[in-house]
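Q:
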Ligand SMILES: Cc1cc2nc3c(=O)[nH]c(=O)nc-3n(C[C@H](O)[C@H](O)[C@H](O)COP(=O)(O)OP(=O)(O)OC[C@H]3O[C@@H](n4cnc5c(N)ncnc54)[C@H](O)[C@@H]3O)c2cc1C
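Residue numbers (the working numbering): -13 to 794.
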């Protein structure tokens, strides 16, 4: 083993080998992979080897497509077969809801360039004769499905990496590591130490242990998973003889079953409800290529459904049962990227579908390391979507929930119940006593809407408008006609101070900084001029600023801020729940606040985008005159110990003005009729400010800020797409996000978010359309649950296009 390497990859499973290959392919060849035992010795060797492109997140689906298409490349380079069987596959729906879900998945696939097809149960039977078609409502066919040899594939990655110059060291465990002042790592192994400029944790089943070596607790847990292999089946032989082909793969959502042909029989696996975590606290280092004790009782309920849906299995003998562990993150997607505050330490773990996702993970991570950016939208698998707020037991509850729901539908209005409540704010009980229905964001409870009674405070899950509809309408009306109160503690709040604060912010943000006592809206850009943030920036003093942004992205933004912070002169603090907030909005909000604040709040004295410190009653608060409702309104920030008192004060004083609580769903409805975009939907790192309609918030006059050169180039080249607001002629369902936008029978764009704008009485979709296909008067269509609905571009916001209300 050498003494120095540019990158040290820990772990020779399919993911580590893919990372190694992609780094070598990108030109970083002084790289080393260290494997504790043999390649594949973690969860990789006993995988069922199935692959598919389906994923709830279209960007992850795209990476899965890349992975499947990569196998020919590594086979050709390495000369090592991956044992590919590209059979195609059917995903079988037993219910109308599941069929709706498949239609939506198929629609998403269209703009990703995928070639899936919606087919009837009878057509599915022709493709996959083992099914009893009476059990199914229909199916989706995907030609990019199949299975492979896990061992051969891992070795194909490894050999390809070696051909390009990478080194692989086997039978040597990494036992510890320590960081040097220059940011490089001394990695201690069983056979000596090696200095590495970067370390990548691809530890798979041991990713947690490798994280703990640097004080990191990764939200990953291994689950036991079973599949069995049957003896040869005559029905399989018949299909093979009749078609001259292998039986295609099948996924049965209701049975929670997947299957494929294995030699003359079948392989059948299931995600059972009675699921079982493995090595909950610590993975033993002496776990080798072992299997776990099978427990067929646990999977018996799925098998019963399976026998009904695939009658031939009833007579099939079971040749072998495999039970092995593999890891999951709480939401089932991988954890990839750099870790906030840990220089030169990267992770690629929690990859539960290594043969569908491993290639995409390797590509994203290698891009990130070599070019400073993953190169495409990887938010769905960015490790920064979790933070130090998770605990071992929170992860455990969420992973079990995710596993048991692996093949379940998640409705757009469905909040998952495990591990809740986990984080609450002081007004949680107050909101609950007003019949709040809560949502979970990063483990934090926040009100979605308010029901008339406790008994009615639950969502009826649906792809269509549901029981919250009239109540969200009433909340929206209260804001537009009087005054509404919303808790906003789930926003991120960062304080930036010090003598270097102004200069630093000027470099990382493209907008001009506000004057004292004022706020501006500003995006944040990466070096490629792409959107990586969307903030309200407030200036309290010459050297003190606040940034308000998406709570969802707090870790993501803190990672960026910290990585770009100068060595001295700037103090950065994420307030988290040390600063909590309430917002009042609507035409009567000034009157309400003026009753409680002993200061001049007139339009002249405290105008739109003003910020200041006031006492609200006896409570010290930071108040900004802006809200996401697009109405007159105020964000009021206080310390947690004051939040209940503030809530009571506003509710008491507001009673005479008809104050009404509103939740996140009404806020969404209100922002849609203002055409306000939101982070992670309209604003993501695949769009430029020119495309997103944020050009008025970038100041190209400023001589220097991150992303400026790329931004100017993008402006000169012209936008590739444009964000537009559509009014959709919807029936009983509105868009959710990711639906295709059609024009003249072609898909010309995709929806980023939408819903019903109650005050404007319109079904609204925000989405991007290819620049060449953009025509404000064209007859677009937006596909909602398989139905193309007419849609027209709204040339200006549906509510208060001149902004007179919020400025008033
Ligand atoms: C029964 C079963 C069926 C499955 N079926 C499928 C399927 O059909 N399709 C699919 O895509 N996925 C399937 N999977 C999941 C798949 O196996 C995983 O997604 C994949 O193996 C993850 O690979 P990895 O490289 O992240 O982890 P691992 O395979 O666990 O690799 C991690 C490696 O790191 C090494 N290591 C850890 N710590 C150290 C250290 N400190 N020093 C040196 N080396 C270290 C380990 O020895 C190990 O080799 C299945 C899994 C199971 C258990």
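Note that the Cβ used here is the ideal one computed from N, Cα and C, for glycine as well.
For ligand 1, is there any heavy atom lying closer than 7 Å to the beta carbon of residue 338?
A: To locate residue 338, count along the chain shown from 1; it is residue 352. Checking the Cβ of residue 338 against ligand 1 gives yes.
Q: Residue 732 bridges to which residues according to DSSP?
A: Looking up residue 732 in the chain shown gives position 746. 729, per the DSSP bridge assignment.
Q: Are the Cβ atoms of residue 263 and residue 385 separated by less than 8 Å?
A: Counted from its first residue, the chain shown places residue 263 at position 277. Counted from its first residue, the chain shown places residue 385 at position 399. Cβ distance < 8 Å, so residue 263 and residue 385 count as in contact.
Q: Decide yes or no for the touch test of the region 718 to 735 against the region 757 to 771: beta carbon pairs closer than 8 Å, at least 3 of them.
A: With the cut-off at 8 Å, the region 718 to 735 and the region 757 to 771 touch.
Q: Under the rule that 16 or more other beta-carbon atoms within 10 Å means buried, what is residue 613, buried or exposed?
A: Here residue 613 is taken as the residue at index 627 of the chain shown, counted from 1. When all chains shown are included, residue 613 counts as buried.
Q: For residue 564 and residue 233, what's the separation of their Cα atoms in angstroms?
A: Residue numbering aside, residue 564 sits at position 578 when the chain shown is read from its first letter. Residue numbering aside, residue 233 sits at position 247 when the chain shown is read from its first letter. Cα to Cα, residue 564 sits roughly 58 Å from residue 233.
Q: Between the C-alpha atoms of residue 132 and residue 507, what's the straight-line distance to the nearest angstrom?
A: To locate residue 132, count along the chain shown from 1; it is residue 146. To locate residue 507, count along the chain shown from 1; it is residue 521. Looking at the two C-alpha atoms, the distance is approximately 48 Å.
Q: Please give me, in chain order, every unbroken run of the beta strand (DSSP E) with length at least 3 that falls completely inside the region 374 to 449.
A: If we require 3 residues or more, the beta strand (DSSP E) runs fully inside the region 374 to 449 come out as 422 to 427 and 430 to 436.
Q: Ignore the nearest five residues each way along the sequence and tell me which others in residue 322's own chain have a CB closer than 7 Å to its CB.
A: To locate residue 322, count along the chain shown from 1; it is residue 336. So the qualifying residues of the chain are 333, 334, 347, 350, 351, 364, 367, 368 and 369.
Q: Straight-line CA distance for residue 240 to residue 550?
A: What you label residue 240 is simply residue 254 of the chain shown in a count that begins at 1. What you label residue 550 is simply residue 564 of the chain shown in a count that begins at 1. About 49 Å.
Q: When the Cα atoms are used, what is the spatial distance from residue 628 to residue 175?
A: As a position in the chain shown, residue 628 is number 642, starting the count at 1. As a position in the chain shown, residue 175 is number 189, starting the count at 1. Near 52 Å, if we compare the C-alpha coordinates of residue 175 and residue 628.
Q: If you draw a straight line from the C-alpha of residue 153 to the C-alpha of residue 18, how long is it?
A: Position 167 of the chain shown, counted from the first residue, corresponds to residue 153. Position 32 of the chain shown, counted from the first residue, corresponds to residue 18. About 5 Å.
Q: Relative to the alpha-carbon of residue 639, which residue among 583, 651 and 666 has its alpha-carbon at the smallest distance?
A: Residue mapping note: residue 639 aligns to position 653 of the chain shown, counting from 1. Nearest of 583, 651 and 666 to residue 639, Cα basis: 583.
Q: I'd like to know if the region 3 to 14 and the region 129 to 145 are in contact, where contact means that at least 3 CB-CB pairs between them fall below 8 Å.
A: Judged by Cβ distances under 8 Å, the region 3 to 14 makes contact with the region 129 to 145, as three or more pairs qualify.
Q: Between the region 273 to 281 and the region -9 to -1, can you find at least three pairs of beta-carbon atoms closer than 8 Å?
A: No, they do not touch.
Q: Within 10 Å of its beta-carbon, does residue 622 have 16 or more other beta-carbons around it, so buried, or fewer, so exposed?
A: Numbered from its first residue, the chain shown carries residue 622 at position 636. Residue 622 should be labelled buried.
Q: Which residues share a DSSP beta bridge with residue 314?
A: Numbered from 1 along the chain shown, position 328 holds the residue referred to as residue 314. DSSP, once it has assigned bridges, lists 207 as partnering residue 314.
Q: Taking 7 Å as the cut-off, does the CB of residue 213 come closer than this to any heavy atom belonging to ligand 1?
A: In the chain shown, residue 213 corresponds to position 227, counting from 1. Flag set: Cβ of residue 213 near ligand 1.
Q: State the beta-bridge partners of residue 483 as determined by DSSP.
A: Along the chain shown, one-based indexing puts residue 483 at 497. For residue 483, which the question treats as bridged, DSSP gives the partners 530 and 557.
Q: Could you give the first and the last residue of the continuous alpha helix (DSSP H) run that contains residue 295?
A: Locating residue 295 in the chain shown gives position 309, counting from the first residue. Residues 282 to 295.
Q: From residue 102 to residue 92, what does the alpha carbon distance come to, in whole angstroms?
A: Locating residue 102 in the chain shown gives position 116, counting from the first residue. Locating residue 92 in the chain shown gives position 106, counting from the first residue. So the alpha carbons of these two residues sit roughly 6 Å apart.
Q: Check whether the Cβ of residue 802 sits closer than 7 Å to any heavy atom of ligand 1, and report yes or no.
A: For the chain, the structure presents residues -13 to 794; residue 802 sits outside this window and is missing.
Q: Is the Cβ-Cβ distance between residue 552 and residue 490 less than 8 Å?
A: Against the chain shown, residue 552 aligns to sequence position 566. Against the chain shown, residue 490 aligns to sequence position 504. Closer than 8 Å, so yes.
Q: Tell me which residue opens and which closes the beta strand (DSSP E) that residue 600 is part of.
A: For this step, residue 600 is matched to residue 614 along the chain shown. Element bounds for residue 600: 597 to 602.
Q: Can you find the residues in the same chain that come closer than 6 Å, C-beta to C-beta, to residue 772, ignoring five residues on each side of it along the sequence?
A: Residue mapping note: residue 772 aligns to position 786 of the chain shown, counting from 1. The residues are 89.
Q: Can you give me the C-alpha to C-alpha distance between residue 706 and residue 731, rounded to a whole angstrom?
A: In the chain shown, residue 706 corresponds to position 720, counting from 1. In the chain shown, residue 731 corresponds to position 745, counting from 1. Those two C-alpha atoms are separated by around 20 Å.
Q: Does DSSP put residue 229 in a helix, a strand or coil?
A: As a first step, residue 229 is located in the chain shown; it is residue number 243 there, counting from the start. DSSP places residue 229 in helix when its eight states are reduced to three.
Q: May I ask you to report which of helix, strand or coil DSSP gives residue 309?
A: Locating residue 309 in the chain shown gives position 323, counting from the first residue. If DSSP states are grouped into helix, strand and coil, residue 309 belongs with the strands.
Q: Return the Cβ separation of residue 412 and residue 566 in integer angstroms, given the expectation that the two are a contact with Cβ distance under 8 Å.
A: As a first step, residue 412 must be located in the chain shown, where it is residue number 426. As a first step, residue 566 must be located in the chain shown, where it is residue number 580. So it is a contact: roughly 7 Å between Cβ atoms.
Q: Taking residue 106 as the reference, which of 83, 87 and 78 has the closest Cα?
A: Position 120 of the chain shown, counting from 1, holds the residue named residue 106. Residue 78 is the option with its Cα nearest to residue 106.
Q: In whole angstroms, give me the CA-to-CA distance for residue 741 and residue 181.
A: Stepping through the chain shown from its first residue, residue 741 is reached at position 755. Stepping through the chain shown from its first residue, residue 181 is reached at position 195. If you take the alpha carbons of residue 741 and residue 181, they lie about 53 Å apart.
Q: Count the other C-beta atoms from every protein chain shown that fall within 10 angstroms of the C-beta of residue 609, then say buried if there are 16 or more, exposed otherwise.
A: Numbered from its first residue, the chain shown carries residue 609 at position 623. Residue 609 should be labelled buried.
Q: Indicate, with yes or no, if ligand 1 has a heavy atom lying under 7 Å from the CB of residue 29.
A: As a position in the chain shown, residue 29 is number 43, starting the count at 1. Yes, Cβ of residue 29 sits closer than 7 Å to a heavy atom of ligand 1.
Q: Smallest Cα separation from residue 791: which of 467, 331, 692 and 206?
A: Position 805 of the chain shown, counting from 1, holds the residue named residue 791. Checked all of 467, 331, 692 and 206; the closest Cα to residue 791 is 467.
Q: Can you determine whether any heavy atom of ligand 1 sits closer than 7 Å to the C-beta of residue 0, and answer yes or no?
A: Reading the chain shown from its first residue, position 14 is the one you call residue 0. The answer is yes for residue 0.
Q: If I measure Cβ to Cβ from residue 410 and keep anything under 6 Å in the same chain, skipping five residues before and after, which residues do I get?
A: As a working note, residue 410 is residue 424 in the chain shown. Cβ neighbours of residue 410 beyond the five flanking positions: 431.
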